[in-house]
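Sequential numbering of the sequence shown, starting at 2, is according to the numbering used here. Backbone N, C-alpha and C define an ideal beta-carbon position, used for all residues, glycine too. None of these values were measured; they are calculated from a predicted model. The structure appears below as structure tokens.
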Amino acid sequence: MAGLTPLTALKGVGPKKAAILAAEGIASPEELFDYFPRRYLDRRTICSIGSLRTGESTTVVGRVVQARQEGTGPGRMRFKAVLDDGSGRIELTWFKGVRYFASSLKPGDELAVHGKVGFFGSQAQMQHPDYEHLSGNAAEGRSDYELFHTGGIIPLYTTTAAMKQGGLGSRQLRTIIAGAFSRYAPGGRENLPESMLREYALMPLADAYREIHFPASPERLEAARNRMKWTELFYTQLLFALRHAHLERNSSAPRLTHSGPIAGRFYETLPFDLTDAQKRVIREIYRDLRRDRPMNRLLQGDVGSGKTMVALFSMALAADNGLQSAFMAPTEILAVQHYLSLKRSLHPLGIEAVLLAGRQPKRERQEALAALADGRATVAVGTHAMIEDAVSFSRLGLVIIDEQHRFGVLQRKALQDKAGSPHVLLMTATPIPRTLTMAGFGDLDVSVIDAMPAGRLPVETHLVAESSKNRVYDVLHREVRSGRQAYIVYPLVEGSEKIDLRSAVEGYEELSSGVFSGLRLGLIHGQLSQGEKDSVMERFRTGDLDLLVGTTVIEVGVDVPNATVMVIEHAERFGLAQLHQLRGRVGRGKHASSCFLIHASLAGEAGERLQAMASTSDGFRISEIDAEIRGAGNVLGREQAGMVSGLKLADPVRDVRLMEPARRAAFALAGDDPELRKPEHAMVRSWYMRHYHARSTLADIG
Ligand code: ADP
Ligand code: MG
């Protein structure tokens, strides 16, 4: 079909233009049809310059009234233009491509510009806006500017500088695409079953292609975009659905039907009652564990919501059924902490736990391995040191992975492979919005702990300029005087470990000989040996240290309820998820807690992140903001990002209304026809094989 036709077969496309397009990955009419506009100009939704507000990203349309180059020499040159739309004027500045602008932007030109609005006094400004020429020339008939003012909807395509200079602006692309439409029918092969189009009132594919490129009305355009988003969401969910169906049919796990004395006694010995959310989640897990299909569940809960408790109950149930559990954590500090809490809570009930961490004395490790292999030990807690070949279990039934986002698919799989098909519980303290969960973890069942233990006071968050740090030191002194403890964290960024480590070590030395000379300080970072780390953590845990200075090694999981202040140095260098995790180290007990984000500046994205931290403590909201700032793929992490990279139009955070039914439709179809063999699904099968099958290994998670 059209896929094999070269673009030069189209009117207006010679070898030169074809080469420019090919460099953008457009080599056939089919790829041209799939080159969707990035934005539309629609008079009904465009802002007037007079009503702009600072900070908003927007598009304005107007006529250039001034244009000139300013400054000379490298780094000083800029091009400035003033755009007027009748309601007001906005100043546009470009620092790059100045010569190009000087030769192509003139007073009288009509432009659409898109960018972030700033103000200098009362003067609206945009720096480096994305722009589009709307003026036509006599030969082209009506210009886009006229079209815009008479209410037409004008698609704007992403056009690189090379494209623009080669005469391939949005306007020319539209002409070429229109030519392609008249020769080849895009979307001639529908990729969704007729019944689905009817049930969900979806626009047929061929119509959707036409409306995307040549919208007849805002409503038709919306319907077309929804149809395209549906296709993307449906097929990415189908990947998960098929994998889920496959697991359901092909693997069996031990049934944990016996809710016996260990779990029961554990419940009775708890010093507090479980929250309703914890109880609900434990019930969900117990229900999974009673089935003869492997559990594949993701447990989300904000930092401090008490996920470890849920893990302990799951392991207790496994023990009641004579099965071993493996509990893996991403850092040695955290593994040791879990190990100690297991010893405290489950050892008295007859559960033998062993620790498998990286730098362990050889004898201790040998003993642990033997106890697991012959079944004397019921629970193994450890880091990725647990996945080594030497580690084997006699009857592993449950695998729990804490802070699962810190592990790769292969590491998680390696642990699972130590049993036939064990039950798997993944835990994560970076909660992500529901739709993003579906987009990244669609083959997993999800449980959410959506409430904090009673009596927790929210952590007060303060943004503090570097220059007012002394204020924070006063607070630390006060807290320590009343018996509390605190963390002071320095950044540790990949690639600059050496410099960063120095800043933590120097910070520690400065503080302990300076402002905090009377207090007991500890230092912790990744370069210490396991023994040293353990002993520092233990001294902090038992109240032997007042202040713990360190790098982000304490980021995840660390639980010392008496610590009430978290100070983060150079907070602007941390990511949002990291900041949220760090803040989660305090506010874990009954004392009021606070978090100080010390920063050198609040400019740019870093400023947005810090403001977000100050504005909310809800982990779900924070990851939503993170997704807005950095894109959904980055929030999901490297592996799951593969699932959202297939989304061109659909947004896994914003398109909730489409995601849910698309997911339901995908699971219904896979449940009904797990091999896609039915004749009415032939088109689904062929589209899936062509566009999605190659990625099916990415769905192979869990
Ligand atoms: P996270 O979800 O961040 O892993 P933890 O499991 O570390 O949280 O729990 C945080 C703290 O809350 C721990 O000190 C734990 O003992 C305590 N905790 C857990 N559940 C409850 C509860 N139901 N009531 C009171 N405290 C609880
Ligand atoms: Mg935890």
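Check: residue i C-beta below 7 Å from any heavy atom of ligand 2
{"i": "LYS81", "result": "no"}
{"i": "THR60", "result": "no"}
{"i": "GLY590", "result": "no"}
{"i": "GLY558", "result": "yes"}
Residue i Cβ short of 7 Å to ligand 1 heavy atom set
{"i": "GLY620", "result": "no"}
{"i": "PHE273", "result": "yes"}
{"i": "ALA430", "result": "yes"}
{"i": "THR276", "result": "yes"}
{"i": "GLY302", "result": "yes"}
{"i": "SER562", "result": "Just to set this straight, residue 562 is Pro in the shown sequence, not Ser. Result yes, Cβ under 7 Å from ligand 1."}
{"i": "GLN279", "result": "yes"}
{"i": "GLY359", "result": "no"}
Contact with chain D by residue i, beta-carbon distance below 8 Å
{"i": "ARG288", "result": "Absent from the structure is chain D; it holds one protein chain and no more."}
Assigned exposure category for residue i - 16 Cβ within 10 Å defines buried
{"i": "ARG783", "result": "This structure does not reach residue 783, given that the chain is present from 2 up to 703, and the question cannot be answered."}
{"i": "PHE80", "result": "buried"}
{"i": "ALA225", "result": "buried"}
{"i": "MET690", "result": "exposed"}
{"i": "ASP673", "result": "exposed"}
{"i": "ALA217", "result": "exposed"}
{"i": "THR160", "result": "buried"}
{"i": "THR151", "result": "exposed"}
{"i": "ARG288", "result": "exposed"}
{"i": "LYS12", "result": "exposed"}
{"i": "THR332", "result": "buried"}
{"i": "ALA683", "result": "exposed"}
{"i": "THR73", "result": "exposed"}
{"i": "PHE273", "result": "exposed"}
{"i": "PRO295", "result": "buried"}
{"i": "GLU365", "result": "exposed"}
{"i": "LEU271", "result": "exposed"}
{"i": "GLY634", "result": "buried"}
Contacts around residue i, its chain only, beta-carbon distance under 8 Å, and the 5 residues preceding and following it disregarded
{"i": "THR60", "result": "ARG40, LEU42, ILE47, CYS48, ALA113, VAL114, HIS115"}
{"i": "GLU467", "result": "ILE599, HIS600, ALA601"}
{"i": "PRO16", "result": "THR9"}
{"i": "ALA378", "result": "GLN325, GLU353, ALA354, VAL355, ALA369, ALA372"}
{"i": "VAL481", "result": "ALA487, LEU520, ASP547, LEU548"}
C-beta atoms of residue i and residue j nearer than 8 Å
{"i": "VAL566", "j": "VAL537", "result": "no"}
{"i": "ALA564", "j": "TYR509", "result": "no"}
{"i": "THR436", "j": "LEU493", "result": "no"}
{"i": "SER253", "j": "SER422", "result": "yes"}
{"i": "ILE450", "j": "GLY302", "result": "yes"}
{"i": "ILE21", "j": "LEU169", "result": "yes"}
{"i": "GLN126", "j": "ILE91", "result": "yes"}
{"i": "ALA615", "j": "THR429", "result": "no"}
{"i": "ILE27", "j": "GLY89", "result": "no"}
{"i": "ALA671", "j": "LEU239", "result": "yes"}
{"i": "ASP85", "j": "ARG54", "result": "no"}
{"i": "VAL410", "j": "PHE328", "result": "no"}
{"i": "PHE34", "j": "TYR210", "result": "yes"}
{"i": "ALA242", "j": "PHE668", "result": "yes"}
{"i": "SER315", "j": "ILE178", "result": "no"}
{"i": "VAL282", "j": "VAL311", "result": "yes"}
Residue closest to residue i, alpha-carbon to alpha-carbon, out of the options
{"i": "HIS129", "options": "ALA82, PRO562, MET439", "result": "ALA82"}
{"i": "ASP390", "options": "ALA415, LEU341, GLN124, LEU33", "result": "ALA415"}
{"i": "ILE286", "options": "THR176, VAL392, LEU427", "result": "LEU427"}
{"i": "VAL709", "options": "LYS97, SER595, ALA336", "result": "An answer regarding residue 709 cannot be provided, because it is not within the stretch 2 to 703 covered by the chain."}
{"i": "GLY590", "options": "GLY305, GLU629, GLU92", "result": "GLY305"}
{"i": "ALA572", "options": "GLU661, VAL465, ILE626", "result": "VAL465"}
{"i": "ARG503", "options": "ILE525, GLY519, LEU520", "result": "ILE525"}
{"i": "LEU577", "options": "ASP560, GLU606, PRO349", "result": "GLU606"}
{"i": "ALA319", "options": "ARG291, VAL337, ARG345", "result": "ARG291"}
{"i": "LEU135", "options": "PRO680, MET439, ASP110", "result": "ASP110"}
{"i": "GLN166", "options": "SER104, LEU313, ILE177, MET197", "result": "SER104"}
{"i": "ILE569", "options": "ILE555, GLU681, VAL14", "result": "ILE555"}
{"i": "LEU768", "options": "GLU511, ASN227, LEU637", "result": "One cannot answer for residue 768 here, as it falls past the ends of the chain, which runs 2 to 703."}
{"i": "ASP375", "options": "PRO362, VAL392, ARG364", "result": "VAL392"}
{"i": "GLY441", "options": "TYR185, ASN192, ALA642, PRO432", "result": "ALA642"}
{"i": "GLY323", "options": "PRO432, LEU399, ARG190", "result": "LEU399"}
{"i": "ALA604", "options": "SER52, THR258, PHE267, GLY56", "result": "GLY56"}
Sequence-distant residues of its chain with Cβ nearer than 7 Å to residue i (five each side left out)
{"i": "PHE517", "result": "LEU548"}
{"i": "HIS478", "result": "none"}
{"i": "VAL460", "result": "ARG584, VAL587, GLY588, SER594, SER595, CYS596, SER618"}
Other residues of its chain near residue i: CB distance less than 6 Å, five sequence neighbours each side excluded
{"i": "ASP446", "result": "ARG298"}
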